[in-house]
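Chemist: Structure below; questions to follow.
Protein chains: 2
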Amino acid sequence: MAWSEVHKQTSRLKILDSAAVLFMEHGFDHIGINDVMQHAGLTRGAFYNHFSSKAELYREAILRAAKVSSEGVAKQSNGCVKTMVDTYVDVNHRNGTAFRCPLAFLTTDIHHQDDDVRNVYTQIFKRLLGVLSQGDTNTLAPEVIEKSILMVGSIAISRAINDEELAQAILKTCRDKVKEGFESA
Amino acid sequence: MAWSEVHKQTSRLKILDSAAVLFMEHGFDHIGINDVMQHAGLTRGAFYNHFSSKAELYREAILRAAKVSSEGVAKQSNGCVKTMVDTYVDVNHRNGTAFRCPLAFLTTDIHHQDDDVRNVYTQIFKRLLGVLSQGDTNTLAPEVIEKSILMVGSIAISRAINDEELAQAILKTCRDKVKEGFESA
DNA sequence: GTCTATAAAGGGATAGAC
DNA sequence: GTCTATCCCTTTATAGAC
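Line order of the protein sequences matches chains A and B. This note's numbering numbers the first residue of the first sequence as 10 and each following residue consecutively. This note's numbering numbers the first residue of the second sequence as 10 and each following residue consecutively.
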C-alpha cells in the first residue's frame, strides 16, 4: 500500500474512534462533524474524503463502538460469562469510563434514525442474545431475552436517573439477577 | 377568571399536549417550537407568552406525558396490577398508539439534558417503583427493581430494534415475567 | 489528503403591529 | 394574546487553493 493510502486509513480510523466515543456519550444530534474532526485532530473540510455523510459516519461509529465494547468486556472476562456480566453491568460502564455499549447508550436515539441504522442496532442486539444463550441454539428462550433486557435496560436507565444511590441499587440487583444460572469460572 | 385568562390557559394546555406527543415520539432535538405550535394550531411568535424556553417546555411536557400515560394505564386496569402490566408492556404502547411513557420513550435522551430534566425523570421512575411495590414500603426490593427495568427496558429496546418478530417476543417474555407474583383480579 | 472559505438551510428567540 | 417579520447563531455540505 502506498504511503498516502496508509495515511488515509490512519485518518479514517482516528475519525471513527472519535465519532464512536462522542456519539455514544452525547448522541447523534449533539455532536457535529466539527466536534468529531477536532477530537480526531483534523479540520472539518477533510471529513468528506472519508465519509459521504454524517449518517454514514453514525452507522460505522455504532459498529465500531460495539466492537470496542465487546472486545473490552471479553478481555476482562476471559470467556467467563459471569465475569462478563459483572463487567457490563457495572458503574464504570454506566459512567462511560472504558467502553460504551451502543445498545444501552443509544437506545431511544435509534428509533429516530433510518432503517440502515436500526438494522445495525438490531444485529448487535442479536449478537448479545447469542452470547447469553451460551451455545444453545434457542436465542429466544425466555431467560435469554429477560437477561438481555436487564443488562441493557439497567445501564440505560441508571444513566438517565439523577440519583446515585438508586442507580447503584439498580445495577447491583440486575447484575445479580442476570448471573443466576450461569456457571462460575 | 377573565375571558383572556381562560383563553390563555386553554392555549397553554393545547401547546403542552402537542409538545407531549411530539417530544415523546421524535425526541427533543427533532422537534422545533414551530412544530409544536403548528400542531397546537398556533404560530411560532405566540410561544413565548406561555413558556420561557424550549427547555422549560420539555420539562413540563415530560410531566404531562407521564400523567397522560399513568392515567391511561390506570383507566384500563381498574386497579389490578396484572392488567396494568398487560397494558404497559404491550405492542400498542411500543408503537406509540394511545399513550407514551417518558421513562421508555426518552431513556437515553434524558442523559443529555440538564439536572432539572433528569430530576423530573427520576421522580417519575420512583413513582413506578412505588406502584410495583404494592404498598410495601421497601421500594428498593430486588423484585421491584427488576420488574421496573423489565417494563421500561422492554418497551425502550423493542422500539429501537427493527425486527417485529423479535420485538413481540421481547414484549411477551417480559410481560409474563413482570406479572409473576402479582395476584389476579 | 488536508486546509480555508463559503454557500445554503434550519431553528431559537425577540420586536412591534393589531 | 396572537400575529408577521427579523435577527442571529449553528451546522451540513461543497469549492478551490496548496
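For each residue, glycine too, the CB sits at the ideal point set by N, CA and C. Computed from a predicted structure; not experimentally measured.
(1) If we define contact as Cβ-Cβ less than 8 Å, is D172 (chain A) a contact residue for chain B?
(2) Output needed in chain order: residues of the stretch 103–128 of chain B with a Cβ under 7 Å from some Cβ in chain A.
(3) From which residue to which residue does the alpha helix (DSSP H) around G162 (chain B) run?
(4) Give me, in chain order, the residues of the same chain whose beta-carbon lies closer than 6 Å to that of C183 (chain A); leave out the 5 immediate sequence neighbours on both sides.
(5) If the cut-off is 7 Å on Cβ atoms, which residues from the stretch 143–168 of chain B count as contacting chain A, listed in chain order?
(6) Mind the definition here: the stretch 138–155 of chain A touches the stretch 171–182 of chain B only if three or more C-beta pairs lie below 8 Å; say whether that holds.
(7) For G41 (chain A), would you say it is in contact with chain B, using Cβ-to-Cβ distances shorter than 8 Å as the test?
(8) Listed in chain order, which residues of the stretch 15–40 of chain B have Cβ atoms closer than 7 Å to some Cβ of chain A?
(9) Using a Cβ distance threshold of 8 Å, determine whether the stretch 122–132 of chain A contacts the stretch 23–30 of chain B, with at least three qualifying pairs required.
(10) With DSSP run on the structure shown, which of helix, strand or coil describes Q85 (chain B)?
(11) Closer than 8 Å between beta carbons: that is the criterion. Which residues of the stretch 173–187 of chain A meet it against chain B?
(12) For A49 (chain A), which three-state DSSP category applies?
(13) Would you report the Cα separation of L66 (chain A) and Y57 (chain A), rounded to the nearest angstrom?
(14) Could you work out which residue in B:L175, B:D95 and B:H102 is closest to V77 (chain B) when comparing CA atoms only?
(15) Do L141 (chain A) and L112 (chain A) come within 8 Å of each other at the CB atom, strictly closer than that value?
(16) Tell me which residue opens and which closes the alpha helix (DSSP H) that R103 (chain B) is part of.
(17) Taking 8 Å as the threshold (C-beta atoms), are I24 (chain A) and V45 (chain A) in contact?
(18) Buried or exposed, going by whether 16 or more other CB atoms sit within 10 Å of the CB of E155 (chain A)?
(19) Can you have a look at Y116 (chain B) and say buried or exposed, based on whether 16 or more other CB atoms are within 10 angstroms of its CB?
(20) At a CB-CB cut-off below 7 Å, which residues of chain A make contact with T131 (chain B)?
(21) Quick check on G36 (chain A): does DSSP put it in helix, strand or coil?
(22) Is it true that the CB of H120 (chain A) sits closer than 8 Å to the CB of R109 (chain B)?
(23) CB-CB under 7 Å to S193 (chain B), same chain, minus the five flanking residues each way: which ones, in chain order?
(24) Does any C-beta atom of chain A lie closer than 8 Å to the C-beta of F134 (chain B)?
(25) Report yes if the CB atom of V94 (chain B) is closer than 8 Å to the CB atom of V161 (chain B), and no otherwise.
(26) How long is the line joining the alpha carbons of G139 (chain A) and E34 (chain A), rounded to whole angstroms?
(27) Indicate, with yes or no, if the ligand COA has a heavy atom lying under 7 Å from the CB of A64 (chain B).
(28) Closest to R73 (chain B) by CA distance: which of B:L22, B:E174, B:S13 and B:A176 is it?
(29) Between A:G54, A:N87 and A:V100, which lies nearest to E174 (chain A) when the distance is taken from Cα to Cα?
(30) Determine the DSSP secondary structure at D124 (chain A), reduced to helix, strand or coil.
(31) Near A55 (chain B), which residues of its chain fall below 8 Å by C-beta distance, leaving aside the five closest residues on each side in sequence?
(32) Leaving out the 5 sequence neighbours to the left and right, which residues in its chain are closer than 6 Å to T96 (chain A) when beta-carbon positions are compared?
Modeler: To lay it out plainly:
(1) yes
(2) F114, L115, T116, T117, D118, I119, H120, H121, D124, R127 and N128
(3) P151 to A169
(4) V98, L159 and S163
(5) L149, P151, I154, E155, I158, L159, V161, G162, S163, A165, I166 and R168
(6) yes
(7) no
(8) H35, G36, D38 and H39
(9) no
(10) helix
(11) L175, A178, I179, T182, C183, D185 and K186
(12) coil
(13) 10 Å
(14) B:H102
(15) no
(16) V100 to R103
(17) yes
(18) buried
(19) Checking the sequence shown, residue 116 (chain B) turns out to be Thr, not Tyr. The residue is buried, with at least 16 neighbouring Cβ atoms inside 10 Å.
(20) I170, N171 and D172
(21) coil
(22) no
(23) K91
(24) yes
(25) no
(26) 26 Å
(27) This structure lacks the ligand COA, and indeed carries no ligand of any kind.
(28) B:L22
(29) A:V100
(30) helix
(31) S20 and M46
(32) V82, Q85 and S86
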